[in-house]
Amino acid sequence: MTRSTNANSTVRHEITVGRANTPEFSWPTVLLALGCLAGFAASVALAMTGTMSYLLAGAINTVIIYAIYTVLHEAVHMNISAMRKDLQWVDRLLGSLAGVLLWQFYDHHRADHLVHHRITNHDDDPDISARAGFMDYVFIRLPVVLLNYFNPVLLYRRCRELEMSRAATRRTMTGFAINTALAIGVIAMGYGFELVTLWLVPWYIGNSLMLLMFTWSPHHDHQETGRYRNTRIIEMPAGNALLLGQGYHLIHHMMPGIPWYRYKKTFEDLRPTLEENDVRIEGVMPNPAPRAASPAE
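Quick note on full-length UniProt numbering: the sequence shown kicks off at 1 and runs consecutively.
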């Protein structure tokens with residue numbers, strides 16, 4: 001049997017497993033979205049009425065902001081509607097609502113993230129700023145990335161670079177203007193302290209954790225570009241729950257249509273095949289071993 005025949009057989013097996021793990025509609029993601037949005041509203045209300053301490057509410061909102069990125073991420077891949085193409089409006093709706101808490105914008109993030117999938121770990125990868133050591137990323141590069149979220153000039157320029165349609169660019173910039181107006185309005189009404197403690201600080205910490213565990217760790221050291229090596233598997237106690245499935249981020253890159261809550265099952269189904277192809281199965285801290293790419297990659 002030739003190498004080409006083996007490769008074709010492997011891909012067919014992956015497709016079969018992927019289809020078996022793709023739902024008709026992703027109800028768990030809908031529940032995650034509604035839970036996060038309701039939880040954020042409740043924690044803010046309880047803190048502002050004195051029922052809950054601002055410290056506890058801020059901690060809860062940090063977890064919510066960390067978790068709700070999964071909703072936006074699934075939405076940009078149209079994974080909520082999944083097989084139900086007639087329900088793709090649900091992806092846009094829930095993705096846009098999640099984006100409000102994240103200061104992200106659905107059309108822009110969809111375009112940008114799909115580029116990341118096409119050229120993972122290449123020099124033009126939108127996430128290539130994560131090609132750095134842990135300390136460099138956490139204390140230097142990551143703060144710059146997050147600060148740039150609030151720069152409308154950079155946002156507009158990126159929309160143009162991504163060749164987004166005029167309508168998508170207009171929706172993105174309108175969303176930015178609305179978010180900015182809401183923030184200014186909250187401050188003008190005398191709730192600046194609440195905005196900082198209940199949203200801005202949780203936003204920074206939650207996003208930092210998310211980017212560390214979803215962007216830096218799965219791809220570090222951002223050098224390999226092969227199908228089985230550009231992303232790794234993270235195995236650790238309770239990792240699947242803590243990372244909302246992203247410990248199996250390789251599965252997402254191989255088959256983006258599979259929802260986050262089925263990554264682990266898909267990995268288990270494919271593990272022998274993946275091990276044959278020398279995937280990186282490591283702990284929470286990456287240990288990239290230099291390896292020359294094979295012709296099959």
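Cβ atoms here follow ideal geometry from the backbone N, Cα and C, with glycine treated the same way. The structure presented is a predicted model; accordingly, all values stated were derived computationally and were not measured.
- [ ] Identify whether I258 lies in helix, strand or coil by the three-state DSSP scheme.
- [x] Of the three classes helix, strand and coil, the one that applies to I258 here is coil, per DSSP.
- [ ] Go through its chain and collect everything with a Cβ distance to F267's Cβ below 8 Å, but skip five positions before and after it.
- [x] Within the same chain, I233, Y248, L250, I251, L274 come within 8 Å of F267 by CB-CB distance, once the 5 residues on both sides are set aside.
TODO: Using the Cα positions of R280 and G35, report the straight-line distance between them to the nearest angstrom.
DONE: Rounded to whole angstroms, R280 to G35 spans 33 Å at the Cα level.
TODO: Report buried or exposed for H122, applying the criterion of at least 16 other Cβ atoms within 10 angstroms of its Cβ.
DONE: H122 sits exposed, since fewer than 16 C-beta atoms from the chains shown fall within 10 Å of its C-beta.
Task: Start-to-end residues for the alpha helix (DSSP H) that takes in F105 - done: Run containing F105: none; DSSP gives neither H nor E here.
Task: Cβ-Cβ distance between T62 and H253 below 8 Å - done: Remark: C-beta atoms of T62 and H253 do not approach each other more closely than 8 Å.
TODO: Report the residue from L46, A41, T70 whose alpha carbon sits nearest the alpha carbon of S26.
DONE: From the listed residues L46, A41, T70, the smallest Cα separation to S26 is found for T70.
TODO: Would you check if there are 3 or more beta carbon pairs closer than 8 Å linking the segment 168-180 to the segment 101-111?
DONE: In short, these stretches touch, since the Cβ pair count reaches three.
Open item on the list: Using only the alpha-carbon positions, how far apart do G50 and R92 sit?
Closed with: So the alpha carbons of these two residues sit roughly 35 Å apart.
TODO: Would you tell me roughly how many angstroms separate the C-alpha atoms of A111 and M164, rounded to the nearest one?
DONE: About 7 Å.
Task: Whole runs of the alpha helix (DSSP H) within the segment 132-159, excluding any shorter than 4 residues - done: Unbroken alpha helix (DSSP H) stretches of 4 residues or longer found wholly inside the segment 132-159: 142-148, given in chain order.
Task: Beta-carbon separation (whole angstroms), G245 vs Y263, contact threshold 8 Å - done: For G245 against Y263, the beta-carbon gap comes to about 4 Å, under 8 Å, which counts as contact.
Task: Whole-angstrom C-beta distance between N79 and P272, which should lie under 8 Å - done: Not a contact, Cβ separation roughly 26 Å.
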